[in-house]
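Asks:
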Amino acid sequence: MATIWYLSLLFLTCLLLAAFRRKKQKPGPPSPPGFPIIGNLHQLGELPHQSLWTLSKKYGPVMFLKLGRVPTVVVSSSETAKQALKIHDLHCCSRPSLVGPRDLSYNYLDIAFAPFDDYWKELRKICVQELFSAKRVHSIQPIKDEEVKKLIESVAESASQRSPVNLSQKFQGLTASVICKAAFGLSFQGTVLNNDRFHKLVHEAFLFLGSFCASDFFPNGGWIIDWLTGLQGRREKSVRDLDAFYEQMFDLHKQGNKGGVEDFVDLLLRLEKEETVLGYGKLTRNHCKAILMNVLLGAISTSAITMTWAMAELMRNPRAMKKVQSEVRNQMGNKSMITFDDTDQLNYLKMVTKETWRLHPPVPLLVPREVMSEFEINGYKIQPKTLLYVNTWAIGRDPDTWKDPEVFLPERFMDNNIDAKGQNFELLPFGSGRRICPGMYMGTTMVEFGLANMLSQFDWKLPEGMVVEDIDMEESPGLTVGKKKELLLVPVKYGEN
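Quick note, the sequence shown lines up with residues -18 to -1, 1 to 479 if you use mature numbering (1 follows the signal peptide of the UniProt record, and there is no 0).
See below:
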């Protein structure tokens, strides 16, 4: 009898201790209710950053979701982003591995989104030194001058006929030409870069990389759903097209005939031939493709998207348009075009660019990170293997940070020192921490240089029959988010009104 009594007492003590421990444990982040198996996947719409923003209004700036079988945390305020990307950057600076069935051509996708290790650090060092450093950006200024001059001449032809110009395509063509000449040593109009095919190639790649596919959230069978919906086939076709593009580029470079000047692709091919060791192994052909993929997709569309959104917002805000045009034209003086050095003096244009990034960050959900070790945000424990998203789109619309957040008002940056370099977490178009975009300087200078010349050389009008309210500001889905409908404007040569 005594034995039973002691066992009962011991059992009760264990229960009380367990309850006490549970009470002491810090709770996880609040979470919207989900369904069995799919979790919260049904709550992600075509534009996940907007859906998550809506949910964060109810569940707070640190929110837990179960996306299929993948635990996910979304942060949606500048303070929580600072905790994740600065204070606890080392705990969550890795990347999730891509899952699901892949053919061999997918190998370099896993390399492109490499986890945080010695390979990734050496890879980033190569990209920064050889392509994105300030010295390198300055060295390719003649290429920018040449391509912007071509753009001005092209738009001037339309201006003489008073016909609309597709600025979305023009800006995409500009950035593609600059990057391809600077990084790949190839003319955008060369045999490997057919205009229409190239734009479609880049668009499809961004679309599938930004898509939420079943195989990423249901590793053991989600590929069946992707196969039935056709997403799997589209992804594989996109990768095959990219692969063919890279192989053509490698073949052209092996033929030489560039006057002995080594460009970025030549450098990669040389490192591959020399069997250079990066971190855990030798540099292979797939490594080269992974690097080119990061350059190709990371540098081209983002700048073009920002310039397009900026022009759309300026057309909807004539006061800001008049102010920025006055600034750039006063700076240009009697010169034929704005120079790179001139852009340093264009303070209001810089404010316009920041305001555009605030409302329309090119990557509204920063590329997801994977938590490597436990840490806390706002007192909530974040566990290893959790996917972490930073919703920069939501941060830019946070009323606790920005007054009248839906209003396009460049002057809001006049009396503060907020910049886009990753240290001010209210504005994160390039991310922050160890995973900050290495092409930040190149992207910023491309946007300012391109916009300055389009605004100085031309006045802009809406196509006949349109009014400001008709400008469609709907977003397109994908890893980067541009205007869903292309921006068509009528240029008028400055001084010929």
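We treat Cβ as the ideally placed atom computed from N, Cα and C, and that holds for glycine. Please read all numbers here as calculations on a predicted model, not as lab measurements.
What is the DSSP secondary structure of residue 355, reduced to helix, strand or coil?
Replies: Looking up residue 355 in the sequence shown gives position 373. Reduced to three states, the DSSP call for residue 355 is coil.
Asks: Between the C-alpha atoms of residue 338 and residue 286, what's the straight-line distance to the nearest angstrom?
Replies: Working through the sequence shown from its first residue, we reach residue 338 at position 356. Working through the sequence shown from its first residue, we reach residue 286 at position 304. Those two C-alpha atoms are separated by around 12 Å.
Asks: Do you know offhand how far residue 470's Cα is from residue 430's?
Replies: The residue you call residue 470 lines up with position 488 of the sequence shown. The residue you call residue 430 lines up with position 448 of the sequence shown. Going by the C-alpha atoms only, they are around 20 Å apart.
Asks: Is the separation between the beta-carbon of residue 370 and that of residue 353 shorter than 9 Å?
Replies: Walking along the sequence shown from the start, residue 370 turns up at place 388. Walking along the sequence shown from the start, residue 353 turns up at place 371. Yes, the Cβ-Cβ distance between residue 370 and residue 353 is below 9 Å.
Asks: Let me know if residue 271 comes out buried or exposed under the rule of 16 or more other beta-carbons within 10 Å of its beta-carbon.
Replies: Numbered from its first residue, the sequence shown carries residue 271 at position 289. Looking at its Cβ environment, which holds 16 or more other Cβ atoms inside 10 Å, residue 271 is buried.
Asks: Could I get the ranges of all uninterrupted alpha helix (DSSP H) runs contained in the region 360 to 420, with 4 residues as the minimum, in chain order?
Replies: Counting whole runs of 4 or more residues, the region 360 to 420 contains the alpha helix (DSSP H) stretches 374 to 377.
Asks: Alpha carbon to alpha carbon, what distance is there between residue 438 and residue 315?
Replies: The residue given as residue 315 occupies position 333 in the sequence shown. The residue given as residue 438 occupies position 456 in the sequence shown. Approximately 10 Å, taken between the alpha carbons.
Asks: Buried or exposed: which applies to residue 65, given that a residue is buried once 16 or more other Cβ atoms fall within 10 Å of its Cβ?
Replies: Locating residue 65 in the sequence shown gives position 83, where the first residue counts as 1. Buried, since its Cβ has 16 or more Cβ neighbours within 10 Å.
Asks: Going by DSSP, what residue range makes up the alpha helix (DSSP H) through residue 323?
Replies: The residue given as residue 323 occupies position 341 in the sequence shown. It is not in any alpha helix (DSSP H) - residue 323 carries neither H nor E in the DSSP assignment.
Asks: I'd like the span of the alpha helix (DSSP H) that includes residue 334, first residue to last.
Replies: Taking the sequence shown and counting its residues from 1, the one referred to as residue 334 is at position 352. From DSSP, the alpha helix (DSSP H) with residue 334 extends over 329 to 341.
Asks: Quick one: measure Cβ to Cβ for residue 62 and residue 360, integer angstroms, because I've assumed they're closer than 8 Å.
Replies: The residue given as residue 62 occupies position 80 in the sequence shown. The residue given as residue 360 occupies position 378 in the sequence shown. About 6 Å separates the two Cβ atoms, so the contact holds.
Asks: Take the Cβ of residue 72 as the centre, count every other Cβ of all protein chains shown within 10 Å, and call the residue buried at 16 or more, exposed below.
Replies: Position 90 of the sequence shown, counted from the first residue, corresponds to residue 72. When all chains shown are included, residue 72 counts as exposed.
Asks: Near residue 215, what residues of its chain come up, given a Cβ to Cβ distance below 8 Å and the 5 sequence neighbours on each side ignored?
Replies: Position 233 of the sequence shown, counting from 1, holds the residue named residue 215. 209.
Asks: Taking contact to mean at least 3 C-beta pairs separated by less than 8 Å, is the region 282 to 298 in contact with the region 456 to 472?
Replies: Contact between the region 282 to 298 and the region 456 to 472 is present, because at least three Cβ pairs lie under 8 Å.
Asks: Look at the alpha carbon of residue 306 and the alpha carbon of residue 347, and state the distance between them as a whole number of angstroms.
Replies: Numbered from 1 along the sequence shown, position 324 holds the residue referred to as residue 306. Numbered from 1 along the sequence shown, position 365 holds the residue referred to as residue 347. Residue 306 and residue 347: Cα-Cα distance of roughly 29 Å.
Asks: In the DSSP assignment, find the beta strand (DSSP E) that holds residue 480 and state where it starts and stops.
Replies: Limits of the chain in this structure are -18 at one end and 479 at the other, which puts residue 480 out of reach.
Asks: Cα separation between residue 410 and residue 376?
Replies: Within the sequence shown, the letter at position 428 stands for residue 410. Within the sequence shown, the letter at position 394 stands for residue 376. Straight-line Cα distance between these residues: approximately 11 Å.
Asks: Closer than 8 Å by C-beta to residue 383: which residues in its own chain qualify, once you throw out the five before and the five after it? Chain order, please.
Replies: On the sequence shown, residue 383 is found 401 positions in, with the first residue counted as 1. Counting only Cβ-Cβ distances below 8 Å, and skipping sequence neighbours, we find 59, 60, 377 and 408.
Asks: Classify residue 349 as helix, strand or coil using the three-state DSSP reduction.
Replies: Taking the sequence shown and counting its residues from 1, one reaches residue 349 at position 367. Coil, per DSSP.
Asks: In chain order, which beta strand (DSSP E) runs of at least 3 residues are fully inside the region 23 to 74?
Replies: Listed in chain order, they are 44 to 49 and 52 to 57.
Asks: Please check the pair residue 453 and residue 294, which I expect to be a contact at CB under 8 Å, by giving their CB distance rounded to whole angstroms.
Replies: For the purposes of this step, residue 453 is identified with residue 471 of the sequence shown, where counting begins at 1. For the purposes of this step, residue 294 is identified with residue 312 of the sequence shown, where counting begins at 1. With a Cβ gap of about 6 Å, residue 453 and residue 294 count as contacting.
Asks: Could you give the first and the last residue of the continuous beta strand (DSSP E) run that contains residue 440?
Replies: Here residue 440 refers to the residue found at position 458 of the sequence shown. Where residue 440 is concerned, the enclosing beta strand (DSSP E) stretches over 440 to 443.
Asks: Which first and last residues belong to the alpha helix (DSSP H) in which residue 124 is found?
Replies: For the purposes of this step, residue 124 is identified with residue 142 of the sequence shown, where counting begins at 1. Segment 123 to 143, the alpha helix (DSSP H) holding residue 124.
Asks: What are the residues that DSSP puts in a beta bridge with residue 473?
Replies: In the sequence shown, residue 473 corresponds to position 491, counting from 1. 442.
Asks: Just curious, the alpha helix (DSSP H) that residue 313 is in, first and last residue?
Replies: Mapped onto the sequence shown, residue 313 falls at position 331. Residues 300 to 314.
Asks: Can you list, in chain order, the residues of its chain whose CB lies under 6 Å from that of residue 170, leaving out five sequence neighbours each side?
Replies: Counting from 1 along the sequence shown, the entry for residue 170 is found at position 188. Because the pLDDT of residue 170 is 47, which lies under 50, any placement of that residue in the model is unreliable, and the number read from its coordinates should be weighed accordingly. So the list reads 158, 159 and 162, once near-sequence residues are dropped.
Asks: Taking Cβ to Cβ, would you say residue 14 is nearer than 9 Å to residue 25?
Replies: Numbered from its first residue, the sequence shown carries residue 14 at position 32. Numbered from its first residue, the sequence shown carries residue 25 at position 43. Going by C-beta atoms, residue 14 is nearer than 9 Å to residue 25.
Asks: State buried or exposed for residue 154, treating a residue as buried only when at least 16 other CB atoms are found within 10 Å of its CB.
Replies: Mapped onto the sequence shown, residue 154 falls at position 172. Under this definition residue 154 is a buried residue.
Asks: When DSSP labels each residue in this structure, what does residue 21 get in the three-state scheme?
Replies: For the purposes of this step, residue 21 is taken as the residue at position 39 of the sequence shown. If DSSP states are grouped into helix, strand and coil, residue 21 belongs with the strands.
Asks: Determine the direct distance from the alpha carbon of residue 151 to that of residue 281, and round the result to whole angstroms.
Replies: For the purposes of this step, residue 281 is taken as residue 299 along the sequence shown, with counting starting at 1. For the purposes of this step, residue 151 is taken as residue 169 along the sequence shown, with counting starting at 1. Their backbone Cα atoms lie some 16 Å apart in a straight line.
Asks: Quick check on DSSP: helix, strand or coil for residue 466?
Replies: Counting from one through the sequence shown, the residue named residue 466 turns up at place 484. Residue state, collapsed to three classes: coil.
Asks: Roughly how many angstroms lie between the CA atoms of residue 422 and residue 350, to the nearest whole one?
Replies: Taking the sequence shown and counting its residues from 1, the one referred to as residue 422 is at position 440. Taking the sequence shown and counting its residues from 1, the one referred to as residue 350 is at position 368. Using only the alpha carbons, I get a separation of about 18 Å.
Asks: For residue 260, does the three-state DSSP call read helix, strand or coil?
Replies: As a first step, residue 260 must be located in the sequence shown, where it is residue number 278. In this structure, residue 260 counts as strand in the three-state DSSP scheme.
Asks: Taking the Cβ atom as the reference point for each residue, do residue 199 and residue 106 lie within a distance shorter than 9 Å?
Replies: To locate residue 199, count along the sequence shown from 1; it is residue 217. To locate residue 106, count along the sequence shown from 1; it is residue 124. No, these two residues do not count as a Cβ contact at 9 Å.
Asks: Verify whether the separation of the beta carbon atoms of residue 458 and residue 68 is less than 9 Å.
Replies: In the sequence shown, the residue the question calls residue 458 occupies position 476. In the sequence shown, the residue the question calls residue 68 occupies position 86. Their beta carbons are not under 9 Å apart, which means residue 458 does not touch residue 68 by this criterion.
Asks: When burial is assigned at 16 or more other CB atoms within 10 Å of the CB, is residue 401 buried or exposed?
Replies: Here residue 401 is taken as the residue at index 419 of the sequence shown, counted from 1. Exposed, since its Cβ has fewer than 16 Cβ neighbours within 10 Å.
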